[in-house]
Amino acid sequence: MNFYQELHLFSDCPVIRLLELHLCIQVDNVPEIEGSLTTHDLRDLPNFDALSYAWGPKDLSAHITLHGEVFLVSQTLFAALRQICVNQQGAPRKLWVDAICINQHDNAEKSHQVMLMKDIYASANRVLSWIGQPDQLSTLAFDTLKRFAADDGTPNGSATYRGILKEVNERRASLDLVLQRGYFSRLWIVQEVVVARMVTVLCGSLRIDFDKLRIALQRMTGSGFYRFSSSIAKVVYIGSWRSSFHETDYPDGERYLDVRLFEDSRDRIAADARDKIYALRGIANKALGTCIKVDYDDAVETVYTDFAKTVLSLRQDLQILSAIYLRHGRMSTLSLPSYVPDWSLPKYGGGFLQRYYRFKPTHVFRAAGTSIPRVSLTEGSNTVGIQGSRLDVISRVIPIKSLLHTGDGDSVVVDETILRELSATASPSLTYGFTNEPSWVAFFRTLTADRTALSPRIDETYWSQYFGAYSEASRRNSSGDISSLPSSLWEALSKDVGIIIEDKDMFVTAQGYFGLGHEGLGEGDVVCILLGGEVPFLLRQTGQGGQQARFRFLCECYVHGVMDGEAVKGPESGSLEEFLID
203 MNFYQELHLF SDCPVIRLLE LHLCIQVDNV PEIEGSLTTH DLRDLPNFDA LSYAWGPKDL
263 SAHITLHGEV FLVSQTLFAA LRQICVNQQG APRKLWVDAI CINQHDNAEK SHQVMLMKDI
323 YASANRVLSW IGQPDQLSTL AFDTLKRFAA DDGTPNGSAT YRGILKEVNE RRASLDLVLQ
383 RGYFSRLWIV QEVVVARMVT VLCGSLRIDF DKLRIALQRM TGSGFYRFSS SIAKVVYIGS
443 WRSSFHETDY PDGERYLDVR LFEDSRDRIA ADARDKIYAL RGIANKALGT CIKVDYDDAV
503 ETVYTDFAKT VLSLRQDLQI LSAIYLRHGR MSTLSLPSYV PDWSLPKYGG GFLQRYYRFK
563 PTHVFRAAGT SIPRVSLTEG SNTVGIQGSR LDVISRVIPI KSLLHTGDGD SVVVDETILR
623 ELSATASPSL TYGFTNEPSW VAFFRTLTAD RTALSPRIDE TYWSQYFGAY SEASRRNSSG
683 DISSLPSSLW EALSKDVGII IEDKDMFVTA QGYFGLGHEG LGEGDVVCIL LGGEVPFLLR
743 QTGQGGQQAR FRFLCECYVH GVMDGEAVKG PESGSLEEFL ID
């Protein structure tokens with residue numbers, strides 16, 4: 203396109219292009235869209251809106267006219283631009299649209315502009331989030347969202363729920379269709395929405411403010427109207443990150459925009475695997491974000507390995523290691539060191555064992571106590587050294603999924619009788635010696651990584667927002683006493699257990715610890731407490747490197763009785779050694 207050369211963007215200047223739509227539309231039927239591009243310094247921008255949308259298939263079967271030239275675009279983008287034309291007639295409309303304002307065939311320009319995208323979306327008057335054309339239930343879905351977003355005098359929207367009881371099934375179905383739209387699975391929307399001053403979600407002519415959308419979803423799950431799910435989480439997490447980004451006094455805001463940002467966005471879709479890192483650079487906390495350099499000429503392996511080393515060298519924890527899934531080692535097409543997560547692959551099961559949003563701040567896991575990591579990185583080498591101690595070795599693997607599986611799809615069944623039987627096969631003792639609990643209770647807390655609605659770790663605010671499907675009886679049992687629960691509560695817990703153990707196996711160590719780790723762990727694998735680690739980790743010895751053993755990193759794990767630092771307190775704590783991990 204000649205206009206890209208005529209409107210050249212220099213890499214040493216914060217200059218961007220804006221699309222100016224020429225609005226001369228009198229009716230809803232928009233047969234053709236015309237526009238032109240202009241260049242502007244980021245420090246002196248005119249009023250403009252920024253478009254956020256799902257790229258979708260690369261069909262490029264639609265077109266607009268730019269500077270008199272035909273410019274191919276996707277049907278999704280054309281529909282969004284057409285709706286914008288219909289919504290505002292008259293004076294030209296200035297927009298920033300990534301697929302148009304950046305020359306997608308110029309890697310150098312793309313790398314430079316991606317570094318500016320946070321500032322672009324933050325400078326826009328408004329971000330327009332286009333989720334697509336409406337379906338037959340979209341009007342009902344937006345009506346439901348607006349009802350729950352409104353203050354009904356209750357803390358969790360229960361009054362609104364009672365008012366729509368006769369239409370519950372149809373309203374839930376309408377929301378399913380909205381929340382399952384591809385827009386909410388796109389990775390780039392995270393930054394685009396988080397940094398925006400204001401965000402309007404558009405579905406054809408239907409619209410709702412994004413912050414009201416988030417409030418509505420929280421009240422729907424808190425009231426029990428709609429079960430918390432991954433589709434809900436995708437929206438709610440973005441809302442939490444918006445709060446972290448915009449509110450300087452937001453508690454622990456910097457921590458919420460660290461490695462967890464990348465892990466919680468892992469299932470989102472990006473056409474380029476490097477964007478799993480680059481797309482979040484602008485909203486990561488300052489220390490981390492400034493160390494990520496965007497270069498689309500770098501190989502994916504280089505981007506991921508450099509990111510892992512950066513995180514290990516910067517952070518006072520080992521969260522990056524919790525992002526490694528043992529299953530990925532069998533699926534990955536990338537050649538990566540074992541301590542480097544493959545961000546191109548989705549997470550499985552329940553994600554991180556540590557539940558930062560769910561646990562009380564005083565009850566998060568602290569397996570290594572208050573220690574900080576001691577990591578050795580050598581320039582030119584992909585081997586890292588991490589200091590810690592050996593807790594134990596795995597002596598038995600328990601294929602827990604097959605033991606709890608009902609044969610009906612992927613469902614599992616858990617109740618007190620089943621847990622007593624399984625714990626008896628794992629340990630002959632009726633008491634779990636490391637915590638002095640009944641063995642079957644320790645078995646349950648291990649099986650669930652101590653994170654269900656019954657866990658004493660759960661924060662009250664989180665419980666009220668997301669555990670509306672549970673009865674008040676479960677809140678009364680959150681002290682840790684899980685005996686004599688009603689069958690209805692066990693049914694709800696069984697659904698949660700099915701998610702948690704999706705890619706997990708349980709294990710027993712030589713000393714009798716109960717543990718939960720990823721499928722693929724084996725007898726003889728070493729359970730380690732690495733300095734700075736919030737959770738224990740599993741390593742597998744692969745050989746000797748001179749005088750030192752060398753290891754492959756496997757995964758994080760839950761070990762009941764050491765998650766609060768018990769193994770690093772007192773004289774019984776293990777001696778330190780450096781683990782060389784390739």
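Just so we're aligned, residue 203 is where the sequence shown starts under our numbering, counting upward by one.
The beta-carbon is built from N, C-alpha and C at its ideal position, and this holds for glycine as well.
Note that this is a predicted model, so its numbers are computed, not measured.
Pull up the CB-CB distance for residue i and residue j, whole angstroms please, since I reckon it's below 8 Å.
| i | j | result |
| --- | --- | --- |
| asparagine 249 | lysine 296 | 7 Å |
| proline 543 | alanine 570 | Not a contact, Cβ separation roughly 20 Å. |
| tyrosine 439 | glutamate 394 | Not a contact, Cβ separation roughly 14 Å. |
| alanine 644 | threonine 637 | 6 Å |
| asparagine 358 | serine 690 | Rounded, the Cβ-Cβ distance is 20 Å, inconsistent with contact. |
| valine 502 | alanine 475 | 5 Å |
| valine 586 | serine 578 | 7 Å |
| serine 254 | valine 329 | 5 Å |
| leucine 379 | leucine 339 | 6 Å |
| phenylalanine 719 | lysine 706 | The sequence given here has glycine at residue 719, not phenylalanine. Confirmed, about 7 Å. |
| leucine 555 | glutamate 704 | Not a contact, Cβ separation roughly 13 Å. |
| aspartate 661 | lysine 562 | 5 Å |
Quick check on the DSSP output: the alpha helix (DSSP H) that includes residue i runs from which residue to which?
| i | result |
| --- | --- |
| aspartate 661 | Taken as a continuous stretch (DSSP letters only), aspartate 661 belongs to no alpha helix (DSSP H), as it is neither H nor E. |
| histidine 269 | Run containing histidine 269: none; DSSP gives neither H nor E here. |
| arginine 444 | 432–448 |
| tyrosine 506 | 502–516 |
| arginine 622 | 618–628 |
| threonine 341 | 340–351 |
| glutamate 736 | Here glutamate 736 belongs to no alpha helix (DSSP H), and DSSP marks it neither H nor E. |
| glutamine 393 | 390–396 |
With DSSP run on the structure shown, which of helix, strand or coil describes residue i?
| i | result |
| --- | --- |
| tryptophan 545 | coil |
| glycine 700 | helix |
| aspartate 497 | coil |
| leucine 247 | coil |
| proline 640 | strand |
| glycine 635 | coil |
| tryptophan 257 | coil |
| glutamine 207 | helix |
| lysine 706 | strand |
| tyrosine 527 | coil |
| valine 615 | coil |
| aspartate 454 | Its pLDDT being 47, under 50, aspartate 454 is placed unreliably in this model, and the value from its coordinates should be taken loosely. In the structure shown, aspartate 454 sits in coil (DSSP, three-state: anything other than H, G, I, E or B). |
| proline 216 | coil |
| threonine 278 | helix |
| serine 331 | strand |
| valine 229 | Only weak support is given to the placement of valine 229: the predicted model assigns it a pLDDT of 46, under 50, and the value that follows is read from those uncertain coordinates. Looking at valine 229 - three-state DSSP - the assignment turns out to be coil, as it is neither helix nor strand. |
| tyrosine 550 | coil |
| phenylalanine 646 | helix |
| alanine 252 | strand |
| cysteine 287 | helix |
Quick check: the Cα distance between residue i and residue j, rounded to an integer number of angstroms?
| i | j | result |
| --- | --- | --- |
| glycine 384 | isoleucine 434 | 13 Å |
| glycine 155 | cysteine 287 | This structure leaves residue 155 out entirely; the chain is present only between 203 and 784. |
| aspartate 214 | tryptophan 298 | 20 Å |
| aspartate 251 | glutamate 768 | 53 Å |
| serine 179 | glycine 722 | A query on residue 179 cannot be resolved here, the shown segment of the chain reaching from 203 to 784 and no further. |
| isoleucine 304 | methionine 400 | 23 Å |
| leucine 740 | serine 597 | 13 Å |
| leucine 239 | arginine 245 | 18 Å |
| histidine 448 | asparagine 204 | 39 Å |
| alanine 712 | lysine 603 | 22 Å |
| aspartate 784 | aspartate 477 | 25 Å |
| threonine 492 | leucine 279 | 31 Å |
| isoleucine 391 | glycine 484 | 12 Å |
| leucine 220 | histidine 242 | 7 Å |
| serine 169 | valine 616 | Outside the displayed range of the chain (203 to 784) lies residue 169, so it cannot be described from this structure. |
| threonine 650 | serine 540 | 26 Å |
| glycine 424 | alanine 361 | 12 Å |
| glutamine 306 | proline 216 | 18 Å |
Assuming residue i is part of the beta strand (DSSP E), what are its boundary residues?
| i | result |
| --- | --- |
| histidine 720 | 716–720 |
| isoleucine 410 | 408–411 |
| glycine 587 | 586–600 |
| glutamate 465 | Looking at the DSSP string, glutamate 465 is not in any beta strand (DSSP E); the run it does join, the alpha helix (DSSP H), is 461–466. |
Based on the DSSP secondary-structure assignment, which residues constitute the bridge partners of residue i?
| i | result |
| --- | --- |
| tryptophan 692 | In the DSSP output, where bridge partners are listed per residue, tryptophan 692 has none listed. |
| leucine 221 | Leu239 and Leu297 |
| serine 578 | Gly587 |
| isoleucine 684 | Isoleucine 684 is not bridged to any residue. |
| histidine 265 | Leu274 |
| histidine 607 | Val614 |
Within 8 Å of any Cβ in chain C, is that where the Cβ of residue i sits?
| i | result |
| --- | --- |
| glutamate 725 | In the displayed structure, chain C is absent; only one protein chain is listed. |
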